[in-house]
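Everything on this sheet refers to the single structure shown next.
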Amino acid sequence: MADWQQTGPLSRTLRAANPGPMTLDGTNSYVLAAPGSATVVVVDPGPLLEDHLAALAAGPVELILVTHRHADHTEGSARLRELTGAPVRAAHPDFCHGGAPLRDGELIRAAGVEIEVLATPGHTSDSVCFVLKDPSLKHDGGTPQVLTGDTVLGQGSTVLDYPDGRLGDYLDSLGKLHGLGTRALAGAAGAHAAAGRPVAVLPGHGPVLPDLAAAAAAYQAHRQERLAQVRAAVEQLGGEPAAAAVAALVYGDVPANLQGAAQLSVQAQLDYLRGATSAR
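Quick note: to get this note's numbering, add 81 to the position in the sequence shown (first position is 1).
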């Protein structure tokens, strides 16, 4: 029996049985719908697991959305389309099936829910977040929730899939998410904000987080701390050290099975620092 978790008035999640070092407890597949809607939207079908996809297909499914190209989010999407007939839409056209690529700022209306597409490259170049609103709650701006894919996780930090993922892009995306969260807390009027309420984070892996502004700020601080450590390691090693040597100093406490991911993040940070130096 599927183990569904209600994550908000518009959303519930079903965790895929694909735990691992990079997926934590598994990929979170989300089902979105306004109360009383006859159809649902599925976000990130996850891996090609028939039981998991069959549970998602029970919707009935009107639309399938993808936060980014990684297989733990997209592998089951073509099969879910076969089961439901629903189009699959992603920012990268190679991961669309019967649907057009997503556009930054696009407002999607499906299953009684308004979903705004927010381009947040960095983890990958095609990463997007989805901002949810309940159109029935016009008096207070709706219920703010953001599906963040792997841009912000429920626990731990995000790996930058360099060279496709870039640190400069990621820092810009974190700034965009932090601004979205702080505007909501301040009660700013606008398409994203519900007055005085924190924006909840519905991540691609890990538990729901209650406050997007706080989560984005913590990620920003972590990235700046890591950048300082990488700068120090480069100075200590001298010359143009290999990413593996820098990772050994900066990420020495990371388990062996995650050292490859650590080296990708180091490569992204070295690339960013080289760009900052050349721009001076």
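Ideal Cβ positions, reconstructed from N, Cα and C, are used throughout, including at glycine.
Take residue i and list the residues in its own chain whose beta-carbon comes closer than 6 Å to its own, dropping the five residues that flank it on each side.
i: Asp207; result: His149, Arg150, Ala172, His173
i: Asp231; result: His204, Thr239, Gly285
i: Leu146; result: Val124, Arg170
i: Thr229; result: Cys210, Val282, Pro284
i: Val335; result: Ala343
i: Ala272; result: Residue placement at Ala272 is flagged as unreliable, the pLDDT there being 47, under the threshold of 50; the coordinate-derived value follows with that caveat. There are no such residues.
i: Gln89; result: Just to set this straight, residue 89 is Gly in the shown sequence, not Gln. Within the same chain, Gly89 has close Cβ partners Gln226.
Going by beta-carbon coordinates alone, are residue i and residue j separated by less than 9 Å?
i: Leu261; j: Leu293; result: yes
i: Arg160; j: Leu248; result: no
i: His178; j: Gly157; result: no
i: Leu258; j: Val227; result: yes
i: Leu188; j: Pro168; result: no
i: Pro128; j: Asp153; result: yes
i: Thr165; j: Pro141; result: yes
i: Gly193; j: Ala114; result: yes
i: Val289; j: Leu354; result: no
i: Gly186; j: Glu195; result: no
Sorted by chain position, which residues of the same chain lie with C-beta nearer than 7 Å to residue i's C-beta, five sequence neighbours on each side aside?
i: Arg278; result: Pro225, Ala265
i: Gln344; result: Ala324, Ala325, Ala328
i: Pro126; result: Ser110, Leu134, Leu137, Ile145, Gly157, Ser158, Leu161
i: Val315; result: Pro322, Val327
Tell me where the alpha helix (DSSP H) around residue i begins and ends.
i: Ser254; result: 248–267
i: Leu308; result: 293–318
i: Thr70; result: Because the chain in this structure spans residues 82 to 361, residue 70 falls outside the shown range and cannot be described.
i: Leu137; result: 131–138
What are the start and end residues of the beta strand (DSSP E) that includes residue i?
i: Leu188; result: 188–191
i: Arg370; result: Outside the modelled stretch of the chain, which goes from 82 to 361, sits residue 370, for which no answer is possible.
i: Leu146; result: 142–146
i: Leu213; result: 209–214
i: Tyr111; result: 109–113
In its own chain, which residues sit with a C-beta less than 8 Å from the C-beta of residue i, not counting the 5 before and 5 after it?
i: Tyr243; result: Leu345, Ser346, Gln348, Ala349, Asp352
i: Arg96; result: Asp84, Gln86, Asp106, Gly107, Thr108, Asn109, Ser110
i: Tyr300; result: Val233, Ser238, Thr239, Leu255
i: Asn373; result: Residue 373 lies beyond the residue range present for the chain, which begins at 82 and ends at 361; the question has no answer from this structure.
i: Arg361; result: Note on Arg361: pLDDT 43, under 50, position unreliable in the model; the coordinate value appears next. Cβ neighbours of Arg361 beyond the five flanking positions: none.
i: Ala302; result: none
Helix, strand or coil, according to DSSP, for residue i in the structure here?
i: Pro70; result: Absent from the model: residue 70. The displayed extent of the chain is 82 to 361, so no value can be given.
i: Val327; result: helix
i: Thr94; result: strand
i: Tyr243; result: coil
i: Asp175; result: helix
i: Asn35; result: Past the edges of the chain, shown from 82 to 361, lies residue 35, and the structure says nothing about it.
i: Gln87; result: strand
i: Gly230; result: strand
i: Ala200; result: strand
i: Leu290; result: strand
i: Val437; result: Past the edges of the chain, shown from 82 to 361, lies residue 437, and the structure says nothing about it.
i: Arg170; result: strand
i: Leu105; result: strand
i: Asp352; result: helix
i: His220; result: At His220, the pLDDT of 40 sits below 50, so the modelled position is not reliable and the matter cannot be decided from this model.
Going by Cα to Cα distance, which pick from the options is closest to residue i?
i: Ser92; options: Thr108, Val122, Ala98; result: Val122
i: Tyr251; options: Asp245, Thr201, Val280, Ala267; result: Thr201
i: Gly287; options: Leu354, Ala135, Thr104, Arg355; result: Thr104
i: Tyr332; options: Arg307, Gly117, Ser118; result: Arg307
i: Asp253; options: Gln236, Leu213, Leu199; result: Leu199
i: Glu131; options: Ala98, Pro116, Arg184; result: Ala98
Does any CB atom of chain C fall closer than 9 Å to the CB of residue i?
i: His173; result: Absent from the structure: chain C. Only one protein chain is present.
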